[in-house]
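Below is one structure; the comments refer to it alone.
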Amino acid sequence: MLFTISQSFFFDAAHTLRREIEAEGSRRVHGHTYHAEVFLTGPRDPATGMVLDLGLLRQGLAVVREQLDHHMLDEVPGLGTPTLENLCLFIAQALPTDLRASVSRVRVWREALGDSCALDFTQP
Numbered sequence: 096m097l098f099t100i101s102q103s104f105f106f107d108a109a110h111t112l113r114r115e116i117e118a119e120g121s122r123r124v125h126g127h128t129y130h131a132e133v134f135l136t137g138p139r140d141p142a143t144g145m146v147l148d149l150g151l152l153r154q155g156l157a158v159v160r161e162q163l164d165h166h167m168l169d170e171v172p173g174l175g176t177p178t179l180e181n182l183c184l185f186i187a188q189a190l191p192t193d194l195r196a197s198v199s200r201v202r203v204w205r206e207a208l209g210d211s212c213a214l215d216f217t218q219p
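Rendered as structure tokens:
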């Protein structure tokens, strides 16, 4: 049996974006409140009854959040163009190594705009 656990967090950040649609507004520095959720899938450890202690996941996500919260996303090393897709990938790759192997999905959304992106990983 495999279980999936998740932890969510939010961050506020600014960015610019080069787009054909809504080009003028996108090129100006503007900000959003982003929400993210990281899902880990794995077997339940019989000794602890958990896939992973959620406290460890929260600690890992705090490290990721620190790199994004109240930052100019255009300047975050390793992010690239600040799209929802790149944010999903960045969050997955910025997690501590011991958590990355269990990540099954990363989802990022901007609630005020109603848009989202999810990155799904195939489990071995």
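Mind the numbering: the sequence shown is residues 96 to 219 in our numbering, read in order.
Here a beta-carbon is modelled for each residue, glycine too, at the ideal position from N, C-alpha and C.
Measuring straight from C-alpha to C-alpha, what distance separates residue i and residue j?
i, j, result
"S211", "D140", "32 Å"
"R205", "F98", "27 Å"
"H166", "A108", "5 Å"
"R195", "H125", "31 Å"
"T128", "R160", "12 Å"
"L190", "A207", "26 Å"
"L184", "A142", "32 Å"
"N113", "F104", "The identity of residue 113 in the sequence shown is Arg, whereas the question assumes Asn. Rounded to the nearest angstrom, the two C-alpha atoms are 27 Å apart."
"V146", "E180", "27 Å"
According to DSSP, is residue i helix, strand or coil?
i, result
"G175", "coil"
"R202", "strand"
"A189", "helix"
First and last residue of the beta strand (DSSP E) that includes residue i?
i, result
"T192", "Looking at the DSSP string, T192 is not in any beta strand (DSSP E); the run it does join, the alpha helix (DSSP H), is 192–195."
"D107", "98–110"
"D215", "210–215"
"A207", "No beta strand (DSSP E) contains A207, which DSSP labels as neither H nor E."
- [ ] Count the CB pairs spanning the stretch 198–217 and the stretch 145–153 that are closer than 8 Å, and state whether there are at least three.
- [x] Look at the beta carbons and you see the stretch 198–217 not touching the stretch 145–153: under three pairs across the two are nearer than 8 Å.
- [ ] Run through the stretch 143–187 for me and flag every whole alpha helix (DSSP H) of 4 or more residues, listed as ranges in chain order.
- [x] The stretch 143–187 contains these whole alpha helix (DSSP H) runs: 149–163.
- [ ] Report yes or no: do the stretch 157–172 and the stretch 194–203 share at least 3 C-beta pairs separated by less than 8 Å?
- [x] No: the two stretches stay apart, fewer than three of their Cβ pairs being nearer than 8 Å.
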